[in-house]
Structures are given as structure tokens and as C-alpha cells.
Amino acid sequence: MIGVKKMVSPLLRTRALNKSFGGIVATKDLSIEIFEGQICAVIGPNGAGKTTLVNLLSGNLRADSGDIIFEDDNVTGLSPSALCSRGIARSFQITSIFPEFSLLENVCFSVQASLGHSFHFWKDVRADERVINPAKEVLERIGLLSRANVLAGNLAHGEKRQLEIAMVLATRPKLLLLDEPMAGMGAEESRHLVTLLNELRSDYSMLLVEHDMDAVFALADKITVLVYGKSIAEGKPSEIKVNNAVLEAYLGSSES
Amino acid sequence: MEISFVVEQLLNGFQLGVLLFLLAAGLTLVFGIMDLVNLAHGSIYMIGAFFAATMTLALDSFILGIIIALPMTLVLGMVLEFIALRTLYSRGHMDQVLATFGLILFLNELVRIIWGPAGLAIPLPLLLDGSISLPLGIVYPTYRMFIILIGIIVAIGLYYLVSKTRLGMLIRAGASNRTMVGALGINIRLLFTAVFGLGAMLAGLAGMLIAPINQAQIGMGEDILILAFVVIVIGGIGSIRGAFIAAIVAGVIDTMGRAFLDVLLLALLPANAAEAAGPALSSMLIYFLMAVVLIFRPQGLFPARNG
Amino acid sequence: MRLKKNVQEIGVSCLFILFAIIPILAPAIGEAFYVDVFARIMIWSIAAVGLNLVLGYGGMISFGHAAYIGLGGYTIAIFSFHEINNGFIQWPVALLISGLAALLFGALSLRTRGVYFIMITLAFAQMVYFLGVSADKYGSNDGLNIWNRSEFKIYGLDFSIDDNLTFYYLTFTILILIVFLVRRLVNSRFGMAIQGTRSNESRLEMLGVPTYVYKLTAFVISGVICGLAGILQANFERFVSPDMMDWPRSGELMFMVIMGGMGTLMGPVLGATAFLVLSEVLSSLTVHWHLIFGPLLIILVLYARGGLGGIIDRGQKDG
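Chains as they are written, first to last, in this note's numbering: chain A, 189 to 444; chain B, 163 to 469; chain C, 177 to 495.
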């Protein structure tokens, strides 16, 4: 579809986003930009407001002030489902799947959702090409097609995380919001997922929140460093690596 | 309309409310603390009535009969909890509904075998079998006044128990946070059995009090049980205060509705329509109230977590 | 899986063959009343299949479905009372009324969760019950006799269900149709959405699926199917009473679904059959059969949750 092609205006942009919970500031004057085809990583110590940012962008939380602009439209305050149909899809830190259903059926739920309403009462989903074909494509892409008929509840943790991403892809998003996709994975599983996300970058833009620094530096085009909800640095991985403020505020403290 | 009639109906509503409270108190505690939906609570109410009837006839004294029958229902409740209901705590609500439904069938049949299919009437003691004069020229049956009095005494006692004693503290803690009570090293099973027994005894008391008016009879617990559920859902599951307020409100609304709704409707509708709609609407009033409460306050009026 | 699927198909086929030949079999062994028993079984099966749509597939624990049976039945009885016996008028109106009631009650109930949902569905059903109790014109507690079953007269057509055998096979046909319909339904996109709400409703919402609308639609369809069962019941018994919509009926209907296995296609039919055959057998042994039946139900809930259908119906999923 689209290569790494810079457009004049970013795919998604936030303008002075603010969010606080009671007295605790989770997001402060945050302005970020994600261009089409980019993987933007957001890193920061625990409590930096990374998940809050994902929640704001996905519509699960409402910002106190500021704007979210997606494809030149102001989408601030839209519901998760409205944003989903515009092409912003998210994965969850905690795996949330349909355990009693097969992998294929899990992905079918997403495809169905992206096709609009589900008031089709007659045709068997498993014979409905408009549902089943995209679902199989996504599974193939993610490397789980051979396991299509396994019950999702019986998957290993790493595979569940992959399924989670498959379900996100199946909604045909333009922008993926990945909230710690590597969480709880072993080294081998993480490497596998990095390879996978690398393959997907040609077709999707991504916002990646992740603690696994190897993964972040391997994938990101641009990194934003959050501390207490505020962006303290932004730049290419090579720049972030040598940024003194970052080393002090984040990398230093996390490696001690 | 005469004021005395209105007051009399108000008192009748209060009396129904008090009975509902006695049933609902145990139900809401068991529900709030053990998370158990117990449909068989109504069966305990019924058996309480039969215990009291038997004891009253044997001892020839209603008051003595009740005094003996109360610990009997307490034991019955604890035995039921120990044998059957304990295993249900960890189950889903649907399993609880269905299993206790099965228990109702069993207990009804057991009562039928022991006491026979006909009801048992209880004679009132002379002391209570009359009327008392109230201001405004109102004459009201002594026994109904007695029920209201007992209900208020129990409500105050229960309030004291729950808010002032150590057991009450555990009950309140249990209603708002079950795992915490367990973590405190309290013998939670014993607490559960005790609470269940207490609830059973209160339900039994309600059955005993109504028996002289309506007889002890099979199936008497079922309709009033549903009302008691309505009460605890309106009041907020786990809240004694909520149960009391909701019970009184439900009792008064139900009674007043039956007494006056057709009169009210007469003002709005043609006579035959009002006569037809009156009884239907008045018997649906409480359920209507519950639906309205749940739609606007899905957790009931006084959710246990706020007291 | 494969083996179980075969077992399931055999089991279900046997049951339907049994339903089909009962009117021949029963008189042959000198127990003609079994025809009535099995007509009732099939009527309850239809209702159980309807409830299963919300209870089993949708995970909505409705404790008030007897109301829709009652509304369906009462509509027939009231038409008949006013000497309107044309089934082409009676039946659509009865289905419409059950459906509208389910729409209203469902729309309000589905705003609540968990045990509150159980209680509010129960409350609405009790409202309908008391409506029946207080309907003096239509017999109150004593119920209402139906002197004439529905008549299907239109132009040249004149189809009568007065004959019990005709009625039996009409019910049989409707049962098969309903099972087939629900089978299509649960495997469709709509059915998947419903089953998804049972499994992980919040995830489905995150995907942008308005679950409330689908749940409500399922609730209405379920209510209409129960209304249909009510229509058949009223016609079969030639009688309705508030008792048919009292809350124990809702409980019994739930038991039928559980006994057969929730969320399985044929479970409710198996369950209704088992439930009614068991009560028939036990009650022929002793008047005090509830003494055995009650504990049996408790044991069933506690120890056999998959139900009968769970043993032989699980293959359905990959079918």
C-alpha cells in the first residue's frame, strides 16, 4: 500500500493534551506527531503516563484539554468505536481475547466489527467470505494460520499477544496503538514479535508503548520520552540514546 | 374520604413493610456478605410459621410458642447452610437461583408430609385479640399494632448489632470487602453460618407473626419472597438501613395503592376502566418502583459500600 | 470432536424420530396419553430453545421468560373470549405483543448487570403475572377457558387444529423450524456478536460493536419464540391462567436449558424432554415426588453443569 512516504501533514497529531486524575498529572501539554508509515515509540519510567496517552488517543479516556487531530480531522472526544471505524485501533496491555472461541473466530469478531453492523441473521459466518477471508489473511500475516482452529484460551502467552495484534489488524486500521505488546514475553517471543512488527511497518503506522528497550530501539523511527506526563525529549533513536536529560531521568534510574 | 381510613391503611402498609423488612434483612445480609441469592429464604419463613403453629398448639401459648420456635428456625437455618447452601457461595448467581429453587420444591414437599396439605391456624392470645383506640377516633387491631412494634424493636436491635458490636463490625466489613475479613484471620465460615442463622431466624419470625392472620400454609413464602427481593434490590444489596427504608416504602406503597389507586383513577378514567385498571396497576406498583430505581440507580438506593 | 459430533447427531436424530412416531407408538403400547405428554414436551422445547438464545448463547440470565409464554397464550385466549378465532389474526398479534413486551422489558433490563439483571427480569415478569391475576374480566386467578382453538380460514384454505394429532404434528413442524432458525441465527454474524458478548463483552465494545443493540435484538427474538410456545400451549390446553407465567415457570424453563446444556443447539430440547419425562415418571411413583425431584435438581446444578447436551452436543461448534 504505502511506503515510508512523508506527507505534509501528520497522520495523527496532538495539540497541548492535558489529563489529570485528581491531583495527579498524567499528561501535560503533550504535543506529538505521527507521520504515515512511522513507528513512534513512547518510553518512560513507570507512571510516566504512557498508557494514559494510549487511552486518550483510543478514546477510552477523555482529555481535560487539548486536541487530537487524525487525518486533518479533529477527533477529540470521539468514542473508541468511532475512532476504531476511522482507523485508530489499539491493543491492550492485559490480553483481552475470547477464550472460548477459536483463533479464527476471535479474528472474525474484529473483521465483523470493521464491516459495520452485524445484523446478518442467516448466513453462516464460517462460510461468509467477507468475514472469513480477511480473518484468514490476517492470521497468515501474523503467522498463526496453522493454529486457526485452536481455542484461544488454550494458547501460550506469546501467542495470545500475537492474537491480540491480529485482532487489531483485522479492524483495518491506519494507526496501531500498541500498549506494551511485549509485556510478559520471553526473549525469544519478543524477538519474534519484533520481526513481525517490522514486517507490518510498510502497511501501518504505529504508536508503540514498550518497556523492552531492545525492541524499541530496533523498531522506532522516532522516540518520545515521557516523564510525569511531560515530553522531556523527542528524536531519532540514535539521538535519544545520547540525550543527557533522558539518560539522567529515565535510562539511568531504570538501570540502577 | 375519612382520615381514619387513610391512617388505618397507612398502618397496614407499615405492618406489611415491617414483615418485609424482617424477611429482607436476612436476605440482604446473606446476599451482601456471602454473595448468595437464596430463593429458599421464603421456605424458612414458611417453616417458621409452622414451627410457631405447632408450638403454640402444643404449649397453648402464642408467646411461648414463638419463643421456642425462634431458636428452632435459627438451628434450621444453620443446618441448611451447613448441608446445602455453603457449597453455593463460590457458584455463579444462576446456579444459586436454580439450586435454591430445587430446595424450595423439597422443603415445600417436606412440610406437606409433616404438617399435611392444609394450613395450620394459630389462635391469638386474648391479650392481643382485640382493638385499641388511637387518637382521631381510629380503632386498630391490637395484633397488627403488636407486629409493627416487634418489627421496630427488631430493626433497632439489628441496627445496634450491626453498627455497635464486634459481630456487626465484621458483618459490615464483610458486606463491603469480603476478602479483607478473611485476611484478618476471622473464622469466615463460622461467621457465614452465624449470619445465615440470624437471617433465617428473622425470616422465621416474620412467618410466625403473620401466621395468626393468614395461617401457616404451604407456598406462603414464595410471593412475599419476591417482594423481599424487590425490597433489597431497591434498598441496595447488603444494606440493613436500605432494606428497612425500602421495606417500609414498599409496604406503604403497595397497601395504599391497593386501597386508593382505583379512587385516584376514577378521577382520571371512566368508571369501568378505572375499576379494571385499579387492581392491576396497584399490584404492579412495587415492581414498577423497582424498575424505576434500577434504571436511575442501578446499585439501589443505599449501596452497602457507602454504609 | 468428530466422534462427539456423530454422537450428537445420532442422539438428536433419535429424539426427533421419537417425536415423529410417538402418535403411532403410544397407542400401540396402550399408553395413548403419551401423545399429550410429548406435545407438551415439544411446546416447552420451543420455549427452552427461545430462552437458550439469551441464556445460553448470550449469557443473559433472564428469570422472567414465562411472561412471554403467558402473553402469547393470553392473547390467544382473549381473542377467543371475544370470539375472534382466526389464527391469521390471533397468531401475529400474539407474537407482536410478546415481542413488544420483550423489547420494552429488555431495553430497561439490559441497562443493569449481574444479579440486578436477574432481579429486574423477574420483577417485570411478576408485573405481567399480576396483570393476569387482576384481570377480572379474563378470569383472574381461575384463568380463562378457550372454547375454540385457532382457525386458519382464508379464501379456499381451511386448516383446523382441533384434532390433537394434527396439532401434534403442527407443533412438531414448528419445533423443527425454530431449531433450524436458531441454528442459522447463532452461526450468523449476529449470532457471533451475541456469543461474543457472553465471552468478553468489553472487548467487543472496544472493537466498536454496540453490544446493547445486539443483546436487545436477541432478547426480543427470544421473547417472540417464547410467545409462540405460549400460543401453542394455550391452544393445546384450551386454557390459560396466571399460573403459566408465575415465576416458578421461569425457573423451570431455566432448568430445562441447563439440564440440556446451555449454549448448545439441541440442549434445550433434550433438557425439556428430560425435565418433563422425569417429572412424569417421578409423579407416577409417588405424590411426594418433589421430595426427590428437588434434590435431583440441586445435584444437577452442582455436579452436572454441562448438562445432557454438554456430553453430546459439543461438536456443534466446528460444524
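Even for Gly, the Cβ is constructed at its ideal location relative to N, Cα and C.
Note that this is a predicted model, so its numbers are computed, not measured.
Cutoff 6 Å; reference residue i; Cβ partners in own chain excluding five residues on either side
i        : result
C/Lys493 : Low local confidence applies: a pLDDT of 36 at C/Lys493 is under 50, so the model's placement there is unreliable, with the coordinate-based value given in what follows. Hits under 6 Å: none found.
C/Phe255 : Gln266
A/Ser444 : For A/Ser444, the pLDDT reaches just 38, beneath the cut-off of 50, and the residue's location in the model is therefore unreliable, although a value from the coordinates is still provided. None.
C/Phe281 : Phe300
C/Ile468 : Leu458
C/Thr449 : Ile217
A/Gly417 : Val213, Ala214, Thr215, Lys216 and Gly237
C/Phe328 : Gly263 and Phe335
C/Asn261 : Asn324 and Glu327
A/Glu377 : Gly346
Listed by chain order, chain C residues near residue i by CB distance under 8 Å
i        : result
B/Tyr302 : Ordered by position in chain C, no residue passes the 8 Å Cβ test against B/Tyr302, which lies about 27 Å from the chain.
B/Pro460 : Arg287, Thr288, Arg289 and Tyr292
B/Leu221 : Those within 8 Å of B/Leu221 in chain C number zero; the least Cβ separation is about 29 Å.
Identity of the residue in the options nearest residue i by Cα
i        : options                                   : result
B/Ser205 : B/Gln171, B/Thr249, B/Thr327 and B/Val273 : B/Val273
C/Phe133 : C/His466, C/Glu428 and C/Ala253           : Chain C is shown from 177 up to 495; residue 133 of chain C falls before or after that span and cannot be answered.
A/Glu422 : A/Glu398, A/Asp217, A/Ile212 and A/Cys228 : A/Cys228
B/Gly281 : B/Val168, B/Ala220, B/Ala378 and B/Gln171 : B/Ala378
A/Ser208 : A/Asp391, A/Gly275, A/Lys238 and A/Leu343 : A/Lys238
A/Asp255 : A/Ile420, A/Gly225, A/Asp367 and A/Ser219 : A/Ser219
C/Ile222 : C/Leu454, C/Tyr479, C/Tyr390 and C/Leu429 : C/Leu429
C/Tyr390 : C/Gly235, C/Asp422 and C/Ser316           : C/Gly235
C/Ser189 : C/Ile370, C/Asn376, C/Val445 and C/Leu346 : C/Val445
A/Ala354 : A/Leu333, A/Ala344 and A/Glu368           : A/Leu333
B/Leu364 : B/Ser295, B/Gly188 and B/Gln171           : B/Gly188
C/Leu307 : B/Pro460, B/Asn434, B/Leu447 and B/Gln461 : B/Leu447
Within-9 Å CB hit, residue i to chain D
i        : result
C/Pro386 : Note that chain D does not occur in the displayed structure, where the protein chains are A, B and C.
Residues that residue i contacts on chain B, provided the C-beta gap is smaller than 7 Å
i        : result
C/Gln371 : Going along chain B, no residue has its Cβ under 7 Å from C/Gln371, so there is no contact; the nearest lies around 17 Å.
C/Met430 : Leu260
C/Trp423 : Ile388
Same chain, Cβ closer than 7 Å to residue i, neighbours up to 5 away in sequence not counted
i        : result
C/Tyr344 : Pro199, Val211 and Ala215
B/Asn468 : The pLDDT assigned to B/Asn468 is 40, lower than 50, so where the model puts this residue is not dependable; a value taken from the coordinates is nonetheless given after this. Closer than 7 Å at Cβ, skipping near neighbours: no residue.
C/Asn321 : Arg414 and Phe415
B/Val393 : Leu182, Ala186, Ala405, Ala408, Ala409 and Ala412
A/Arg274 : Phe258 and Val263
A/Met189 : Low confidence applies here, because A/Met189 scores a pLDDT of 47, under 50, leaving its location unreliable; read the following figure in that light. Around A/Met189: Asp391.
Partner residues on chain C for residue i, Cβ-Cβ distance less than 7 Å
i        : result
A/Ala301 : Leu383, Gly384 and Val385
A/Asp312 : Asn363 and Ser364
A/Thr359 : Leu383
Rounded distance between the beta-carbons of residue j and residue i, thought under 8 Å
i        : j        : result
A/Gly265 : A/Arg250 : 6 Å
B/Leu238 : B/Ala356 : No, B/Leu238 and B/Ala356 are not in contact; Cβ-Cβ is about 14 Å, not under 8 Å.
B/Leu260 : C/Gly427 : 7 Å
C/Phe348 : C/Phe195 : 6 Å
B/His255 : B/Val192 : So it is not a contact: roughly 13 Å between Cβ atoms.
A/Leu351 : A/Leu343 : 6 Å
C/Leu229 : C/Ile397 : 6 Å
B/Phe176 : B/Ile310 : 6 Å
B/Ala215 : B/Ile284 : 5 Å
Interface residues of chain A facing residue i [CB-CB closer than 9 Å]
i        : result
C/Arg379 : Phe280, Ser284, Ile285, Phe286, Phe297 and Met355
Closer than 9 Å at the beta carbon, the chain C residues around residue i
i        : result
A/Val242 : Residues of chain C passing the Cβ test: none, with the nearest at roughly 12 Å.
B/Thr249 : Leu478
A/Asp316 : Ser364 and Arg365
B/Asp257 : Ile434, Val477, Leu478 and Arg481
A/Val319 : Arg365 and Met368
Residues of its chain near residue i, where Cβ-Cβ distance is below 8 Å and the 5 sequence neighbours each way are ignored
i        : result
B/Ser293 : Val301, Tyr302, Pro303 and Thr304
C/Trp423 : Phe239, Gly240, Ala242, Leu298, Ala301, Gln302 and Tyr305
B/Gly397 : Ala186, Thr190, Arg403, Gly404, Ala405, Phe406, Ile407, Ala408, Ala409, Gly462, Leu463 and Phe464
Contacts that residue i makes with chain B (C-beta to C-beta distance below 9 Å)
i        : result
C/Val309 : Pro441, Ala442 and Ser445
C/His258 : Here the premise fails: no neighbours, minimum Cβ distance about 15 Å.
Under 8 Å from the C-beta of residue i: neighbouring residues of chain B
i        : result
C/Pro471 : Gly264 and Phe268
Neighbouring residues, chain A, relative to residue i (Cβ below 7 Å)
i        : result
C/Tyr390 : Ser306
*Quick one: which residues of the segment 346-377 of chain C get their C-beta closer than 7 Å to a C-beta of chain A? List them in chain order.*
For chain A, the residues of the segment 346-377 of chain C that bring a beta carbon within less than 7 Å of one of its beta carbons are Arg360, Leu361, Asn363, Ser364, Arg365, Phe366, Met368, Ala369, Gly372, Ser375 and Asn376, in chain order.
*Name, going along the chain, the residues of the segment 251-281 of chain A whose beta-carbon falls closer than 9 Å to a beta-carbon of chain C.*
Answer set for the segment 251-281 of chain A: Ser267, Pro268, Ser269, Ala270, Leu271, Cys272, Ser273, Ala277, Arg278 and Phe280.
*Could you run through the segment 225-246 of chain C and flag, in chain order, every residue whose CB is less than 7 Å away from some CB of chain B?*
For the segment 225-246 of chain C, which is checked against every Cβ of chain B, the residues closer than 7 Å are Ile237 and Phe239.
*For the segment 191-224 of chain A, enumerate the residues whose C-beta is nearer than 9 Å to any C-beta of chain C, in chain order.*
Taken residue by residue, none of the segment 191-224 of chain A has a beta-carbon sitting less than 9 Å from a beta-carbon on chain C.
*Just by C-beta distance, which residues in the segment 307-332 of chain B are closer than 9 Å to chain C?*
The residues in question: there are none.
*Name the residues in the segment 386-409 of chain A whose C-beta lies less than 8 Å from a C-beta of chain C; which are they?*
Going along the segment 386-409 of chain A in chain order, one finds no residue with a Cβ nearer than 8 Å to chain C.
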